[in-house]
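This report concerns only the one structure given below.
Chains as they are written, first to last, in my numbering: chain A, 1 to 370; chain B, 1 to 370; chain C, 1 to 370; chain D, 1 to 370.
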């Protein structure tokens with residue numbers, strides 16, 4: 001139950017703390033022959049890099065990716081790809097006093113309970129910084145998916161009570177918004193709202209929606225490795241995510257079967273659905289329409305506002321968490337959600353290749369005759 | 001990526017179709033020495049047994065559990081426990097015409113896409129009947145957890161728009177309600193509502209809440225095997241579940257950090273929290289307070305109301321799904337949610353035994369000196 | 001670390017004790033579309049069935065296989081295949097006194113040490129009977145491999161000091177010998193030798209050789225999942241196996257590199273090797289020549305000859321293990337070795353489908369256009 | 001089936017090629033609280049470092065270990081330990097011509113068959129250099145085992161036909177011999193023999209024996225995760241190993257049950273065995289005596305002697321493998337065998353903590369009361 005590894009065929013193992021030498025990921029099971037270099041991965045990392053707007057931590061990190069193995073003459077070799085990002089801006093002194101008490105909403109207390117002690121610098125392993133390694137791996141997964149016609153796209157759907165209706169937005173606008181919120185009016189309102197939250201030394205939560213386009217039908221599994229169950233695990237493993245829902249999600253509870261069932265039709269030479277309440281998944285298996293899910297992100301637990309807490313020995317005290325923290329985690333988590341979705345989707349896509357004997361027979365017949 | 005197995009230390013593998021010989025589960029990694037017999041498991045199964053109220057399928061199944069291995073002289077031996085339930089009321093003829101078209105909201109189409117063909121009788125493997133095997137395994141997990149002071153309790157929180165406030169209910173009332181809804185007034189209203197839904201040949205969704213009491217702090221993992229991520233996968237792998245949220249869940253999106261952080265205090269000789277917005281999990285690890293999550297269940301897809309669909313060759317047609325179907329899945333899914341939660345919690349609880357070298361050393365020192 | 005499951009894509013989980021209700025196996029990940037019925041599996045099981053010669057236990061078991069799930073209209077559905085063999089001839093009374101002492105060479109003592117107590121009837125889970133479940137699963141693996149042009153063949157190479165030279169034998173003779181020893185003169189000698197061993201209330205060991213024909217090159221993995229490492233685990237997991245060697249095996253220790261390297265040549269339109277000292281595996285990956293390995297089987301530990309031992313409380317005593325035991329395990333283990341090899345080979349063969357991006361792209365391009 | 005990861009609870013993932021930036025390993029599941037620094041790991045690495053005698057490759061590598069994560073204030077934190085060794089002496093130009101043909105006995109051909117192309121520099125991932133990462137992880141496993149009273153010790157038993165009898169040797173002499181052969185007379189003979197082999201531009205194989213002392217009884221598993229099966233996989237995954245045997249090993253084939261069964265006795269307050277033909281394992285579970293196994297190592301495939309081969313396009317050619325190669329792999333593999341054994345033993349030792357409910361109950365009772 002080694003907890004830092006995810007995936008069966010395309011498998012990733014992350015390592016590293018917020019304030020150690022660096023963080024990294026080993027990708028095992030990446031197929032041979034993908035064109036890959038640091039610039040491709042760096043582009044993904046730059047989307048979660050801190051210090052880009054006033055709504056993200058002013059911690060300056062270039063988050064420069066290094067490829068340590070697995071690439072030869074510009075292509076993946078099929079062997080493990082080891083990726084590393086060195087920590088640059090550590091300022092551990094900011095954190096030394098954290099060793100003595102427990103920050104509300106943080107994992108300080110639970111780490112001590114599990115391991116007996118903890119690396120208290122910046123949250124150690126439970127820092128959001130760990131997600132940079134996930135994005136590096138996610139970049140590789142996304143690149144492979146693209147060559148198979150599958151595209152994963154996430155955006156900021158909601159910050160506080162400011163929400164956007166994606167059906168009225170242009171996808172291109174996601175990257176135009178500093179908050180990755182494709183309705184630019186809403187995005188501007190959210191920026192203003194975040195300014196006020198910052199001023200109050202507070203933080204706020206939000207919702208990210210993710211849409212996977214081009215996934216063939218038949219991907220996933222009927223029982224424990226359902227497509228939605230696997231995505232749920234991957235997305236819920238992102239630190240601040242507290243819930244996930246597919247298609248109509250929690251709204252399903254108040255609707256009738258006749259409203260929620262997606263009727264089938266035949267169109268453009270294939271079987272399709274009139275609607276997509278299900279979010280593209282039936283019985284844990286993709287139905288060929290878009291996969292749609294939403295994840296809720298809790299407010300950043302680090303706030304400068306004074307809070308009650310206790311020391312590690314149980315003495316009552318108060319705390320104001322200074323340092324460099326985002327008033328909202330949502331925008332920087334968008335590419336993390338995309339990454340975790342891509343890693344999961346790719347793993348299931350590859351595993352689906354062995355579902356049918358006739359497909360397996362055709363594969364080996366072709367391989368033998370090459 | 002064998003999709004019918006879940007868990008690492010306490011691991012379950014289910015098998016069986018709705019209309020084959022039977023269904024079953026193999027539990028591997030169950031510790032030796034647990035007192036177990038069929039009556040203990042049967043009591044859990046009886047809670048999801050069909051045919052008990054007019055709001056569940058009239059299909060009559062005794063769901064009698066057989067223990068095929070792993071018990072000797074009334075105790076588990078540490079070797080695999082094989083459990084089987086024979087199918088009794090198969091009436092496959094009800095389903096023969098289903099081979100020709102795709103039921104909206106069902107996995108018929110996606111199965112054909114994945115496997116090339118399907119066992120069309122009663123949904124085959126994607127039938128809700130598969131969950132009986134999960135409950136049999138969950139019973140074993142629950143019994144072990146009880147001996148460790150951990151209790152898993154789920155109930156029907158919502159059917160349609162009728163919801164209950166658990167803080168005002170008595171836990172004992174859960175079993176008093178035919179819908180497992182502990183507010184008996186709401187339960188009666190929900191029954192009335194279900195009657196009208198049935199009359200309209202329709203179905204409705206709902207929400208189940210689950211509370212885990214007595215879990216020690218320090219259980220779970222900081223990265224991919226987070227306690228909440230693992231629970232999310234297990235619960236989302238139940239057929240009709242379309243979303244899950246922990247603690248304040250989706251409401252986190254509209255709240256401030258200062259409202260949502262749970263402050264620590266020292267009380268009754270230990271560090272506790274003033275509130276439990278987090279649902280008992282910080283950084284993927286239990287904090288010693290109650291674990292709380294909610295799962296949304298979609299309306300039963302099988303409805304007698306006429307729906308548009310296509311045949312397997314893409315011809316448009318209409319369908320009325322007759323047969324024996326529940327107008328709401330929620331009540332019978334309550335014990336399934338408990339079971340999946342118990343299986344997951346137990347697996348993580350066992351894995352936590354190896355987190356600290358001093359604990360390991362003490363364990364083996366004691367074993368050697370026995 | 002659920003110990004009764006083996007394999008990643010094609011995965012098997014066995015259950016059952018020698019003297020319980022029965023034994024069985026759940027196969028998860030079997031591709032859809034394989035023609036399968038009980039008679040196909042039964043033919044494999046009959047090769048290890050007891051009571052066929054005087055050199056095997058006179059315990060009478062029909063070992064009748066039942067298919068409980070996973071087959072529909074004569075074909076595998078892609079969902080778990082549950083197979084069961086009911087125990088018929090249990091005679092548990094033979095074993096009741098075994099609860100009080102430890103048989104030399106058996107797992108009685110180590111079971112008690114691990115689990116605190118044991119099912120003492122006939123060795124419980126560590127009985128050779130557990131291998132019947134492996135053979136049932138192996139039959140399915142062998143049938144799939146056949147459709148892919150891969151054939152697994154094992155035979156008795158040695159019993160005591162009587163050995164056969166396979167290069168001088170006809171493969172057809174394997175089944176002509178009651179000991180599965182294809183040199184029929186040697187087989188007759190071995191039978192005579194076994195008679196004398198039986199008369200002395202003793203037992204003897206031997207060697208099984210296995211040859212896998214038709215495996216494409218490129219199957220296996222360079223690091224921990226090497227083809228030979230994976231086979232070694234699978235074969236060494238058979239109870240009485242105490243060693244395994246590939247190609248020249250232990251003889252490699254006394255030879256020079258110039259003698260042991262297999263030179264490459266180009267012949268019949270492909271790259272081949274002049275010799276096959278390596279046993280068909282280079283760097284953990286198949287090279288297209290035959291895979292060859294040998295496993296050594298220890299003498300049956302159950303012997304009627306008097307042996308010293310202790311009671312479970314440590315009192316010295318003597319023991320004569322009566323009951324129904326084979327004087328040599330080798331012949332009945334031949335099909336078990338084939339089965340474990342087939343299960344392993346198939347799992348690696350399926351996993352190789354995702355090694356190259358161009359193959360993956362071609363696969364999905366074809367699937368989408370169907 | 002990510003092939004570069006081994007282990008379930010204590011899990012390692014290696015990465016890196018012979019001639020890339022470096023090689024490394026991520027250890028996941030290492031318990032918190034172990035004192036660890038680079039010097040401890042370096043001592044293990046120095047035992048396999050090249051360039052120490054004339055019988056090992058003159059390639060100069062300091063093999064300096066870096067700890068990138070998982071240690072805080074001198075102790076393991078319970079989170080992944082990332083270890084890296086930078087490659088220093090790459091001289092890739094030695095290898096450029098290797099891109100055009102296939103070296104006999106090497107994985108060049110099989111890599112091309114699996115992946116479509118290969119990193120031809122020094123064998124890439126199948127280089128013996130990958131084992132340095134295993135030794136780094138093995139060092140950590142050995143250190144943990146020591147604190148639990150378990151010691152893993154391997155030595156060179158045989159080079160060519162020169163073998164040593166360990167029962168007549170002093171363990172201390174292992175490190176006194178440049179070949180790790182504890183009979184110093186035999187060691188001197190073997191050195192002389194290796195000189196002649198070198199002069200003939202040839203190489204030779206040998207045997208390593210490994211003894212594990214202090215392992216409690218009850219460790220291992222009865223079915224697929226048998227202690228011997230798990231060790232076999234780990235040891236056979238070392239590149240040049242072509243066979244493994246436990247206790248009497250292949251000699252079991254020629255002996256009688258009465259000779260090979262180890263009788264039990266009661267001595268020094270516990271149940272022990274008169275002999276240890278079984279090599280310390282009964283039914284896949286440790287019996288409290290020493291675990292003993294031997295692995296055979298093939299001759300180094302890289303020899304300067306002229307050999308026949310083909311180019312990658314199938315043209316016949318001859319090859320003399322120059323470069324920097326060991327005439328025998330055995331001595332440098334000794335610490336690799338120890339490492340793989342330690343990693344495997346530790347994983348099974350940790351997993352045994354959950355075998356009995358009474359032990360689990362006592363563990364959590366104690367934890368809760370702390």
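Cβ atoms here follow ideal geometry from the backbone N, Cα and C, with glycine treated the same way.
Show which residues of chain B have a CB atom less than 7 Å away from the CB atom of residue 119 of chain C. 72, 77
Using beta-carbon positions only, say whether residue 34 of chain B and residue 76 of chain B come within less than 8 Å of one another. yes
Of the residues A:159, A:199, A:293, A:203, the one placed nearest residue 186 of chain A, counting alpha carbons only: A:159
So, does the CB of residue 201 of chain D fall closer than 8 Å to a CB anywhere in chain B? no
So residue 335 of chain D and residue 129 of chain D are supposed to be a Cβ contact under 8 Å. How far apart are they, rounded? At roughly 14 Å, the Cβ-Cβ gap does not stay under 8 Å, so residue 335 of chain D and residue 129 of chain D are not in contact.
For chain C, is any of its Cβ atoms less than 8 Å away from the one on residue 32 of chain B? yes
Please report the straight-line C-alpha distance between residue 266 of chain B and residue 316 of chain A, rounded to a whole angstrom. 7 Å
Give, in chain order, every residue of the segment 102–131 of chain C whose Cβ lies closer than 9 Å to some Cβ of chain D. 102, 103, 104, 105, 106, 107, 108, 109, 110, 111, 112, 113, 114, 115, 116, 123, 124, 125, 126, 130
Restricting to Cα atoms, I'd like to know which of D:245, D:355, D:97, D:81 is closest to residue 136 of chain D. D:81
Please classify residue 127 of chain A as buried or exposed, where buried requires at least 16 neighbouring CB atoms within 10 angstroms. buried
Does the distance from the CB of residue 106 of chain A to the CB of residue 215 of chain B come in under 8 Å? no
Mind checking if residue 6 of chain A is an interface residue toward chain C, Cβ cutoff 8 Å exclusive? no
Could you check what DSSP says for residue 190 of chain C in three-state terms: helix, strand or coil? helix
Taking Cβ positions only, does residue 290 of chain C come closer than 8 Å to chain D? no
Using a Cβ cut-off of 8 Å (strictly closer), state whether residue 20 of chain A contacts chain D. yes
Name the residue from C:111, C:241, C:40, C:230 whose alpha carbon lies nearest to the alpha carbon of residue 328 of chain C. C:241
Buried or exposed: which applies to residue 69 of chain A, given that a residue is buried once 16 or more other Cβ atoms fall within 10 Å of its Cβ? buried
Hey, residue 218 of chain D and residue 286 of chain D: beta-carbon distance below 8 Å or not? yes
Got a sec: which bits of the segment 203–223 of chain C sit with their beta carbon under 7 Å from any beta carbon on chain D, in order along the chain? 203, 204, 205, 206, 207, 217, 218, 221, 222, 223
To which residues of the same chain is residue 348 of chain C closer than 8 Å at the C-beta, ignoring the five residues directly before and after it? 219, 220, 221, 225, 227, 230
C-alpha gap between residue 378 of chain C and residue 233 of chain B, whole angstroms: Look at the range of chain C in this structure, 1 to 370, and you will see that residue 378 of chain C is not part of it.
Expressed to the nearest angstrom, what Euclidean distance is found between the alpha-carbon atoms of residue 176 of chain D and residue 291 of chain D? 24 Å
Same chain, Cβ closer than 7 Å to residue 249 of chain D, neighbours up to 5 away in sequence not counted: 294
Looking at the secondary structure, which residues open and close the alpha helix (DSSP H) in which residue 267 of chain D lies? No alpha helix (DSSP H) contains residue 267 of chain D, which is instead part of the beta strand (DSSP E) from 264–267.
Spell out the partners DSSP gives residue 5 of chain A in its beta bridges. A:13
Residue 169 of chain C vs residue 213 of chain C beta-carbon contact at 8 Å: no
Work out the CA separation of residue 361 of chain D and residue 150 of chain B for me, nearest whole Å. 12 Å
Taking the alpha helix (DSSP H) that residue 152 of chain C falls in, what are its first and last residues? Looking at the DSSP string, residue 152 of chain C is not in any alpha helix (DSSP H); the run it does join, the beta strand (DSSP E), is 151–159.
Under the DSSP definition of a beta bridge, which residues are partnered with residue 26 of chain B? B:13, B:82
Kindly list, in the order they appear in chain A, the residues whose Cβ is closer than 7 Å to that of residue 46 of chain D. Within 7 Å Cβ-Cβ: nothing; residue 46 of chain D doesn't reach chain A, min ~22 Å.
Would you report the Cα separation of residue 43 of chain D and residue 133 of chain A, rounded to the nearest angstrom? 31 Å
Taking 8 Å as the CB-CB limit, is residue 41 of chain C close to chain D? no
Ordered list of alpha helix (DSSP H) runs contained in the segment 224–308 of chain C, each at least 4 residues: 227–236, 257–260
Put residue 124 of chain D into one of helix, strand or coil per three-state DSSP. helix
What does residue 361 of chain D touch in chain C if you count any residue whose Cβ is under 9 Å from its own? Ordered by position in chain C, no residue passes the 9 Å Cβ test against residue 361 of chain D, which lies about 12 Å from the chain.
Is DSSP giving residue 138 of chain C helix, strand or coil here? helix
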